[in-house]
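Sequential numbering from 9 applies to the sequence shown in the numbering used here.
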Amino acid sequence: MLLIVWGGVELLSDRVFSTLNPNAEMYTKPLKPSFDEEVLDTMSGRIRSSFPVLPSVFFELNPD
Numbered sequence: 009m010l011l012i013v014w015g016g017v018e019l020l021s022d023r024v025f026s027t028l029n030p031n032a033e034m035y036t037k038p039l040k041p042s043f044d045e046e047v048l049d050t051m052s053g054r055i056r057s058s059f060p061v062l063p064s065v066f067f068e069l070n071p072d
């Protein structure tokens with residue numbers, strides 16, 4: 009009996025004290041459903057040009 013009461017109180021408190029915002033879905037949906045590959049390529053080029061040493065150089069140091 010105690011277990012049933014405890015379960016009921018637990019479920020009720022979850023509903024009453026829930027911290028989820030009902031508008032949360034608006035904040036979790038992407039602005040655009042698809043990626044703009046041109047922008048991604050531009051960003052990738054910027055990142056590569058900012059590296060002092062390219063990551064591929066490290067793979068060439070140990071040719072196993």
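For glycine and all other residues, C-beta sits at the position ideal for the given N, C-alpha and C.
Nearest-angstrom Cα separation, counted from residue j out to residue i
i, j, result
"V61", "F43", "28 Å"
"V47", "F59", "19 Å"
"V65", "L19", "57 Å"
"E45", "L39", "15 Å"
Three-state class that DSSP yields for residue i in the structure shown
i, result
"T50", "helix"
"F66", "helix"
"M9", "coil"
"T36", "helix"
Residue i: CB within 7 Å of a non-hydrogen atom of the ligand PLP
i, result
"S58", "Judged by which ligands are present, the structure shown has none, so any question about the ligand PLP falls away."
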